[in-house]
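One structure is given here, and the rest of the page talks about it.
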Amino acid sequence: MGKSFKIEQDIASIRKINPKTQVVRVAFNSSTMDWKSIMEGFWRYHPCTNEEQVQENLIGIESKCSQLNYHADNLVVYHLDISSCVSASMNTFLFELLFLQHINTTLNVPASQCFHVNTNMAFLIEMPFKLNGSNNDYKKVLYTIFSLSKLPIVKVSKDTNPYVFGPEAQFAIKWMKEFFADNLKLQKKTKNLFV
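So for the sequence shown, the UniProt record's numbering puts the first residue at 1; every next one is plus one.
If you want it as structure tokens, here you go:
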């Protein structure tokens, strides 16, 4: 229904207000939490990506800052793309991220990593309409989002996210309409005889 497209539109609106906006997309495509890739995703915008690489990064931090277009006052917008195969552990993760505003992977992975939410961060969460498995009611599994906290939720539909066709698509549709109306005829090939 165009949920990613809607988030891209929202990010474009945010960029109009604050041009110093970085976007980080973190995908959740498994029923188990892959903490290593999650933390790498969250730290992707920052020149010092994790504790093990801090010393390496200190050497080239200026070049990495310019390469990432990193500034301390940038707004970082996280697009959390939650697939339909996530489990209830996603709820715990969202609680830690959105309410406690701190994630510590000490219990989950051998090399501990932390992530703390700062005031220059925003989270746009793309959720599936339905979850896989026996309990496919996403409101019950991901109850942190639908709790009494009343987080702003935009339900994506044709009304809230009308599809806008670009010039190439409009051109293709025009030709398709003509073709299906049988207005386009193929000319018979004539043989050219060269003497």
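Glycine included, C-beta positions come from ideal geometry on N, C-alpha and C.
query                                                                                                             : result
Spatial neighbours of Trp175 in its chain, beta-carbon cut-off 8 Å, leaving aside the 5 residues before and after : Leu184
Start-to-end residues for the beta strand (DSSP E) that takes in Thr92                                            : Careful: Thr92 lies outside any beta strand (DSSP E), inside the alpha helix (DSSP H) at 89 to 95.
The stretch 76 to 92 in contact with the stretch 118 to 126 per 3-pair CB rule at 8 Å                             : yes
7 Å Cβ shell around Ile38 - same chain, five flanking residues per side excluded                                  : Val26
Environment of Leu94 [buried if 16+ CB atoms lie within 10 Å]                                                     : buried
Expected contact under 8 Å - CB spacing of Val86 and Ser31 to nearest Å                                           : 6 Å
With 16 other Cβ atoms within 10 Å as the buried cut-off, status of Leu100                                        : exposed
Pairwise C-alpha distance: Trp43 and Lys6                                                                         : 24 Å
Secondary structure of Phe28, DSSP reduced to three states                                                        : strand
C-alpha gap between Lys20 and Asp73, whole angstroms                                                              : 8 Å
Helix, strand or coil at Met39 according to DSSP, with G and I counted as helix                                   : helix
Given Pro128 as reference, the closest of Asp10, Leu97, Asp81, Leu98 once Cα atoms are compared                   : Asp81
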